[in-house]
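A.B. asks: A single structure is presented below for examination.
Protein chains: 2
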Amino acid sequence: MYLTRTLHRSLQQQPDQIVTIFRGRQRTYREFCGRVARLAGALQALGMQRGDRVGILALNSDRYLEYAMAAWWGGGVLNPVNVRWSVPEVVFSMDDCDTGILVIDDQFLPMAEGIRGTAKRAPVLIHAGDGDAPAGMHSYERLIAESAPVPDARRGGDDLAIVMYTGGTTGFPKGVMQTHGSLWCGCLQRMADTPPLRGGRVLHTNPFFHIAAMVRVLNQFLAGEVHVIMPSFEPREMLETIERERINELALVPTMIQLLINHPDLAKRDLGSVRRLGYGASAISAAVLEQTMEKLPGVDFSHSYGMTESMIVTTNPPENHSPAARAKGLHLSAGRAGIGIDVKIVDADGNEVPRGTVGEILVRSAGVTPGYWNRPEETAKALRDGWLHTGDGAYMNEQGYIFIVDRIKDMIVSGGENVYSAEVENVIGRHPAVASSAVIGVPHEQWGEAVHAVIVLKSGMQASENEIREHCRAHIAGYKCPKTVEFRQSLPLSGAGKILKRDLRAPHWEGKSRAVN
Amino acid sequence: MYLTRTLHRSLQQQPDQIVTIFRGRQRTYREFCGRVARLAGALQALGMQRGDRVGILALNSDRYLEYAMAAWWGGGVLNPVNVRWSVPEVVFSMDDCDTGILVIDDQFLPMAEGIRGTAKRAPVLIHAGDGDAPAGMHSYERLIAESAPVPDARRGGDDLAIVMYTGGTTGFPKGVMQTHGSLWCGCLQRMADTPPLRGGRVLHTNPFFHIAAMVRVLNQFLAGEVHVIMPSFEPREMLETIERERINELALVPTMIQLLINHPDLAKRDLGSVRRLGYGASAISAAVLEQTMEKLPGVDFSHSYGMTESMIVTTNPPENHSPAARAKGLHLSAGRAGIGIDVKIVDADGNEVPRGTVGEILVRSAGVTPGYWNRPEETAKALRDGWLHTGDGAYMNEQGYIFIVDRIKDMIVSGGENVYSAEVENVIGRHPAVASSAVIGVPHEQWGEAVHAVIVLKSGMQASENEIREHCRAHIAGYKCPKTVEFRQSLPLSGAGKILKRDLRAPHWEGKSRAVN
Chain A
1 MYLTRTLHRS
11 LQQQPDQIVT
21 IFRGRQRTYR
31 EFCGRVARLA
41 GALQALGMQR
51 GDRVGILALN
61 SDRYLEYAMA
71 AWWGGGVLNP
81 VNVRWSVPEV
91 VFSMDDCDTG
101 ILVIDDQFLP
111 MAEGIRGTAK
121 RAPVLIHAGD
131 GDAPAGMHSY
141 ERLIAESAPV
151 PDARRGGDDL
161 AIVMYTGGTT
171 GFPKGVMQTH
181 GSLWCGCLQR
191 MADTPPLRGG
201 RVLHTNPFFH
211 IAAMVRVLNQ
221 FLAGEVHVIM
231 PSFEPREMLE
241 TIERERINEL
251 ALVPTMIQLL
261 INHPDLAKRD
271 LGSVRRLGYG
281 ASAISAAVLE
291 QTMEKLPGVD
301 FSHSYGMTES
311 MIVTTNPPEN
321 HSPAARAKGL
331 HLSAGRAGIG
341 IDVKIVDADG
351 NEVPRGTVGE
361 ILVRSAGVTP
371 GYWNRPEETA
381 KALRDGWLHT
391 GDGAYMNEQG
401 YIFIVDRIKD
411 MIVSGGENVY
421 SAEVENVIGR
431 HPAVASSAVI
441 GVPHEQWGEA
451 VHAVIVLKSG
461 MQASENEIRE
471 HCRAHIAGYK
481 CPKTVEFRQS
491 LPLSGAGKIL
501 KRDLRAPHWE
511 GKSRAVN
Chain B
518 MYLTRTLHRS
528 LQQQPDQIVT
538 IFRGRQRTYR
548 EFCGRVARLA
558 GALQALGMQR
568 GDRVGILALN
578 SDRYLEYAMA
588 AWWGGGVLNP
598 VNVRWSVPEV
608 VFSMDDCDTG
618 ILVIDDQFLP
628 MAEGIRGTAK
638 RAPVLIHAGD
648 GDAPAGMHSY
658 ERLIAESAPV
668 PDARRGGDDL
678 AIVMYTGGTT
688 GFPKGVMQTH
698 GSLWCGCLQR
708 MADTPPLRGG
718 RVLHTNPFFH
728 IAAMVRVLNQ
738 FLAGEVHVIM
748 PSFEPREMLE
758 TIERERINEL
768 ALVPTMIQLL
778 INHPDLAKRD
788 LGSVRRLGYG
798 ASAISAAVLE
808 QTMEKLPGVD
818 FSHSYGMTES
828 MIVTTNPPEN
838 HSPAARAKGL
848 HLSAGRAGIG
858 IDVKIVDADG
868 NEVPRGTVGE
878 ILVRSAGVTP
888 GYWNRPEETA
898 KALRDGWLHT
908 GDGAYMNEQG
918 YIFIVDRIKD
928 MIVSGGENVY
938 SAEVENVIGR
948 HPAVASSAVI
958 GVPHEQWGEA
968 VHAVIVLKSG
978 MQASENEIRE
988 HCRAHIAGYK
998 CPKTVEFRQS
1008 LPLSGAGKIL
1018 KRDLRAPHWE
1028 GKSRAVN
């Protein structure tokens, strides 16, 4: 089970088939593999040894996939950097797992100096662009042109393949490890459940640094089909691309679906090729679902639930999106355990609860992470007796479908991104006027949830909502910054002195059936 | 990755769904799992410890599947005994892997005393039948009724799950080991390639002691669908069962397909539910294929190639069975490497040969056996650098499709020319009077080996030796044509439905030190 095996199979069976399409640039498997083998040689020449981490800070492109495969082909481990992060966040994650090489595209060039200047070990920088590389950087295309192909290092099985950083409840992001074997099994399980379309043309719009996009990428490589890639989600370009490339499979988050179906270009484009729309990150409202089904007739909707630590865990299949199923609320389920996946709902003592009772979702599968990079304590907390503790609260119905109602760990999901309250609270706390703060998620039409900060100021000190927001923006990614700020004299505390976030959240979620979106 | 996980998932999601149908007896997943957990307890009480081998000598039934699952649930390893073997052969295999418990059904009761009397360690015998157990045997039903359920032992991953003895083509049978992980991965790979039918109702007619049937069984458990089981292949009962149980998926070998479509009951039965027909063991002739497609319109044909050591390796998909594909001979391919499987064709030195050149098929995949039970030498011979040496000769075309030309050791060398039996058999099969044939090498003074054909004629039809020879001469080179022809009522078949050429060759080579010249 090694991820580059997918390339060898396609080379044997269909070398002249197109593998990537990026803004009109197409590569066949033969070309793609040739470039991968050369780029792997370049990475080795630049110092990448077996098991070394190499990073990429770039929007989606065909080069992103070449680089991922080249990292594995050359024996390395991929660290795909969150493109929404600030320089300190990027540097933190690169320092944390000692990433020695970084590919950076034009979009993120302004961050290059900051990264090089503050990282513990200044990374070798590779510029993934079309023009000449800036001074002090290698040119991606030149490296490929000037390097000789090397044989596949064939790391696989329990060898580490990827480190993906997610926000941490402790305030610092942690690196989720996935091995070749865990990614491979996670994908196979998914494919057995939701078979790839023959002649599948997937449009990748979600950022590749996310597990959701990475699973789609690997599935498509396993199936030997075509990747159509957009740099990032943009509804107009997306509609145009679906029509031009005859896309038959989409993966979106509900926020994007809404933007797409409300776009003025929708009626102008032929979207008749689309057969599947998979969505994730949050449940979809009946209104959006109905509207989308009307505008995209004949499309199968399915909802997948999972996380970086587990890959895809549950799937709510198309049949649960029919009008009859909607009437029973089945479209609000996150689905049920896929093939090869154990899911159970437990109480605080770890005992399975009866159907219909809310508890924490636990997951066990070959696709679950072996742990967090260099974080034995957090690993031990998340993985107990082989079960991943998701921190998500849900109940299960008689058919095994789970309905997520709450989040046990303190996290906000805004526009499909996980925001850990602790991280935001840490930054707010650094503002000189702030005594204490609590960050919660409040319902938001477009983003599902929005980041909301409740702040107690130090006595005699002042700060405006705007000052707090700007302070945050200087330290963390924009999606983590509070959309709204509320000042109070005090925060509600439990007997143990813990902030009672449930009480803070309650008025915002009044009248809703769930306390998360 | 543990095989009983499939049961836990179905218990969680669909406890009241039917899992087994055997001659009208139906069990739900809830009933089935209850029986499995009790039977596992009984096996432990009878002495089965973790990793111990337990055997079964029985025709196919629902109990066979319960027993397999109970062996795993209780922590044991299954040894499914070849039902075509004599007492000494059964005892050889049980002694070889030290099988301490044996389930035996009514059909094989006459062998019980012989087994008990000659095995190194007399096995505990369990009678799987409906009446009282014979003296000295436990009653299968009584054990279930009187035992308490035990928790799942959850052996999995690299733990041994099964030992399957393969035929004596090379002398003594050897026990092929498969672990929970290798069976699991082999099945997932297969499912990713050939997704299970939703609402799949598979009819099991091939013997469960064979890997081909076991893969189907496990796939069906993974998918959580229905097993309809027949004790063994019998065309009349099969036709009746397809109609009654609305079977949508069949697995056969070409010999069986022929018997089925030539059966007088065919026209009387409604086979409209059948959507898939998978066949294996040998390629199918264009004539049989055409006839079958005419009689079973709308059915997807696919051919899978594999062996006990590797599970399924290649699949020739339905599209290669269309008239256009048949015109190019693509229906004669064994298919190409499935998802997750490496296949290459090598020469005697282990170097990959160019496309179109015949060599030995090598396989590498997570579904390949870790080796033979207690046979390090034979393991080392079969598995070199992680590659399984299949002993099958084939060439690969430009699209990666392999065409098997013969068992390498079955190849006939006549006058210095290589003759591949399959090629001659294909030609003979096109003669209108021929039902089936086997071509072997027999010793010949002048040519070393001479081509000898053993032929079964269609009932009521005639052909002379001369006619056959002339028919061949019209299609292939003279040296490939049979020098001698022998007509028989039937051909000796293995458990897998493969023609036992060894048995055909034996009388010709009696007294010789080798079986080739």
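Heads up: the protein sequence lines correspond to chains A and B, in order. Residue numbering for the first sequence follows our numbering, beginning at 1 and increasing consecutively. Residue numbering for the second sequence follows our numbering, beginning at 518 and increasing consecutively. Cβ atoms here follow ideal geometry from the backbone N, Cα and C, with glycine treated the same way.
Taking CB distances under 7 Å as the criterion, tell me whether A:Gln-220 reaches chain B.
C.D. replies: Taking the first sequence and counting its residues from 1, the one referred to as residue 220 of chain A is at position 220. No, because no Cβ of chain B sits closer than 7 Å to the Cβ of A:Gln-220.
A.B. asks: State the Cα-Cα distance for the pair B:Ser-827 and A:Pro-110, rounded to the nearest angstrom.
C.D. replies: The residue you call residue 827 of chain B lines up with position 310 of the second sequence. The residue you call residue 110 of chain A lines up with position 110 of the first sequence. Spanning the two alpha carbons is a distance of roughly 53 Å.
A.B. asks: Are the CB atoms of A:Asn-79 and A:Val-215 nearer to each other than 7 Å?
C.D. replies: Within the first sequence, the letter at position 79 stands for residue 79 of chain A. Within the first sequence, the letter at position 215 stands for residue 215 of chain A. No, the Cβ-Cβ distance between A:Asn-79 and A:Val-215 is not below 7 Å.
A.B. asks: Is A:Thr-308 closer than 7 Å to A:Thr-166 when the C-beta atoms are compared?
C.D. replies: Counting from 1 along the first sequence, the entry for residue 166 of chain A is found at position 166. Counting from 1 along the first sequence, the entry for residue 308 of chain A is found at position 308. Closer than 7 Å, so yes.
A.B. asks: So, helix, strand or coil for B:Lys-861, using DSSP?
C.D. replies: Your numbering for residue 861 of chain B matches position 344 in the second sequence. It is a strand residue.
A.B. asks: Output the distance between the C-alpha atoms of B:Phe-1038 and B:Leu-619, rounded to the nearest integer angstrom.
C.D. replies: One cannot answer for residue 1038 of chain B here, as it falls past the ends of chain B, which runs 518 to 1034.
A.B. asks: Using a Cβ-Cβ cutoff of less than 7 Å, which residues in the same chain neighbour A:Asp-16 once the five nearest sequence positions on both sides are dropped?
C.D. replies: One-based indexing of the first sequence puts residue 16 of chain A at position 16. Counting only Cβ-Cβ distances below 7 Å, and skipping sequence neighbours, we find Thr-28, Arg-30.
A.B. asks: Chain B partners of A:Gly-340, CB-CB under 9 Å?
C.D. replies: Numbered from its first residue, the first sequence carries residue 340 of chain A at position 340. Result: Met-518, Arg-522, Thr-523, Arg-526, Trp-701, Leu-705, Leu-739.
A.B. asks: Is the beta carbon of A:His-431 closer than 7 Å to that of A:His-475?
C.D. replies: Taking the first residue of the first sequence as 1, we reach residue 475 of chain A at position 475. Taking the first residue of the first sequence as 1, we reach residue 431 of chain A at position 431. No, Cβ-Cβ distance for A:His-475 and A:His-431 is not below 7 Å.
A.B. asks: Pick from A:Tyr-67, A:Ser-93, A:Val-87: whose alpha carbon is nearest that of A:Gly-129?
C.D. replies: Taking the first residue of the first sequence as position 1, residue 129 of chain A is located at position 129. Closest option to A:Gly-129, Cα to Cα, is A:Tyr-67.
A.B. asks: For B:Ile-535 and A:Ala-348, I'd like the C-alpha separation in whole angstroms.
C.D. replies: Here residue 535 of chain B refers to the residue found at position 18 when the second sequence is read from its first residue. Here residue 348 of chain A refers to the residue found at position 348 when the first sequence is read from its first residue. Those two C-alpha atoms are separated by around 35 Å.
A.B. asks: Using only CA atoms, which one of A:Arg-38, A:Val-91, A:Glu-240 lies nearest to A:Gly-175?
C.D. replies: Position 175 of the first sequence, counted from the start, is the residue given in the question as residue 175 of chain A. Minimum Cα distance to A:Gly-175 is reached at A:Val-91.
A.B. asks: Could you say which of A:Ala-45, A:Arg-116, A:Asp-392 lies nearest to A:Leu-143 if we only look at CA atoms?
C.D. replies: Taking the first residue of the first sequence as 1, we reach residue 143 of chain A at position 143. Nearest option by C-alpha distance: A:Ala-45.
A.B. asks: Are three or more beta carbon pairs between the stretch 749-769 of chain B and the stretch 696-712 of chain B nearer than 8 Å?
C.D. replies: The stretch 749-769 of chain B, when compared against the stretch 696-712 of chain B, does not touch it at the 8 Å Cβ threshold.
A.B. asks: Under a CB-based cut-off of 7 Å, is B:Gly-917 close to chain A?
C.D. replies: Indexing the second sequence from 1 puts residue 917 of chain B at position 400. Yes, contact with chain A.
A.B. asks: Starting from B:Glu-1003 and walking both ways along the beta strand (DSSP E), at which residues does that stretch end?
C.D. replies: The count along the second sequence starts at 1 and reaches residue 1003 of chain B at position 486. From DSSP, the beta strand (DSSP E) with B:Glu-1003 extends over 1001-1005.
A.B. asks: Measuring alpha carbon to alpha carbon, tell me which of B:Arg-763, B:Thr-696, B:Asn-914 ends up nearest B:Gly-716.
C.D. replies: Counted from its first residue, the second sequence places residue 716 of chain B at position 199. Residue B:Arg-763 is the option with its Cα nearest to B:Gly-716.
A.B. asks: Closer than 7 Å, Cβ to Cβ, to anything on chain B: give me those residues from the stretch 358-377 of chain A, in chain order.
C.D. replies: So the close ones are Ala-366.
A.B. asks: Once DSSP output is grouped into helix, strand and coil, what is the label at A:Trp-73?
C.D. replies: Taking the first sequence and counting its residues from 1, the one referred to as residue 73 of chain A is at position 73. Three-state result, A:Trp-73: helix.
A.B. asks: Taking the beta carbon of A:Ser-513 as the centre, do at least 16 other beta carbons fall within 10 Å, making it buried, or is it exposed?
C.D. replies: Taking the first sequence and counting its residues from 1, the one referred to as residue 513 of chain A is at position 513. So A:Ser-513 counts as exposed.
A.B. asks: What is the DSSP secondary structure of A:Tyr-395, counted as helix, strand or coil?
C.D. replies: Looking up residue 395 of chain A in the first sequence gives position 395. Correct three-state label for A:Tyr-395: strand.
A.B. asks: By the criterion of Cβ-Cβ separation under 7 Å, what are the contact partners of A:Met-191 in chain B?
C.D. replies: By one-based count along the first sequence, residue 191 of chain A stands at place 191. Going along chain B in sequence order, the residues near A:Met-191 (Cβ under 7 Å) are Ala-709.
A.B. asks: For the 8 Å Cβ check, are there 3 or more pairs between the stretch 835-843 of chain B and the stretch 876-886 of chain B?
C.D. replies: Flag = no, the stretch 835-843 of chain B and the stretch 876-886 of chain B do not touch.
A.B. asks: Does B:Ser-527 pass the burial test, meaning 16 or more other C-beta atoms within 10 Å, or should it be called exposed?
C.D. replies: For the purposes of this step, residue 527 of chain B is identified with residue 10 of the second sequence, where counting begins at 1. It is buried - the Cβ of B:Ser-527 has at least 16 other Cβ atoms within 10 Å.
A.B. asks: Taking 7 Å as the threshold (C-beta atoms), are A:Arg-236 and A:Asp-265 in contact?
C.D. replies: For the purposes of this step, residue 265 of chain A is taken as residue 265 along the first sequence, with counting starting at 1. For the purposes of this step, residue 236 of chain A is taken as residue 236 along the first sequence, with counting starting at 1. In contact: A:Asp-265 and A:Arg-236 (Cβ atoms closer than 7 Å).
A.B. asks: In three-state terms, what does DSSP make of A:Leu-271?
C.D. replies: Position 271 of the first sequence holds residue 271 of chain A. Coil at A:Leu-271, not helix or strand.
A.B. asks: Mind listing which residues of the stretch 529-541 of chain B have their C-beta closer than 8 Å to chain A's C-betas, in chain order?
C.D. replies: So the close ones are Gln-529, Gln-530, Gln-531.
A.B. asks: Let me check understanding here. Comparing Cα to Cα, which of A:Thr-6, A:Ala-450, A:Leu-43 lies closest to A:Thr-255?
C.D. replies: On the first sequence, residue 255 of chain A is found 255 positions in, with the first residue counted as 1. The shortest C-alpha separation from A:Thr-255 is found at A:Ala-450.
A.B. asks: Starting from the C-beta of A:Asp-342, find all residues in its chain whose C-beta is less than 6 Å away, skip the five residues before and the five after it, and write them out in chain order.
C.D. replies: Residue mapping note: residue 342 of chain A aligns to position 342 of the first sequence, counting from 1. The residues are Arg-364.
A.B. asks: Residues in its own chain within less than 8 Å of B:Asn-891 by CB, not counting five upstream and five downstream?
C.D. replies: Numbered from 1 along the second sequence, position 374 holds the residue referred to as residue 891 of chain B. Same-chain partners within the cutoff: Asp-613, Cys-614, Gly-692.
A.B. asks: The alpha helix (DSSP H) with A:Phe-108 in it runs from where to where?
C.D. replies: Residue mapping note: residue 108 of chain A aligns to position 108 of the first sequence, counting from 1. Here A:Phe-108 belongs to no alpha helix (DSSP H), and DSSP marks it neither H nor E.
A.B. asks: Locate the beta strand (DSSP E) running through A:Tyr-518, then write down its first and last residues.
C.D. replies: Residue 518 of chain A is absent from the model: chain A starts at 1 and stops at 517.
A.B. asks: Would B:Arg-853 pass as an interface residue toward chain A - the criterion being a Cβ-Cβ separation below 7 Å?
C.D. replies: Residue 853 of chain B sits at position 336 when you count from the first residue of the second sequence. With 7 Å as the cut-off, B:Arg-853 counts as an interface residue toward chain A.
A.B. asks: Rank B:Arg-672, B:Ala-650, B:Arg-580 by C-alpha distance to the C-alpha of B:Arg-567 and give the top, closest one.
C.D. replies: Translated into positions along the second sequence, residue 567 of chain B becomes position 50. Nearest C-alpha to B:Arg-567: B:Arg-672.
A.B. asks: When the Cα of A:Pro-443 is compared with those of A:Thr-390, A:Pro-370, A:Gly-186, A:Lys-483, which residue comes out closest?
C.D. replies: To locate residue 443 of chain A, count along the first sequence from 1; it is residue 443. With distances taken between Cα atoms, A:Pro-443 lies closest to A:Lys-483.
A.B. asks: Is there a Cβ from chain B that is less than 7 Å from the Cβ of A:Pro-354?
C.D. replies: Locating residue 354 of chain A in the first sequence gives position 354, counting from the first residue. Answer no: the Cβ-Cβ gap between A:Pro-354 and chain B never drops below 7 Å.
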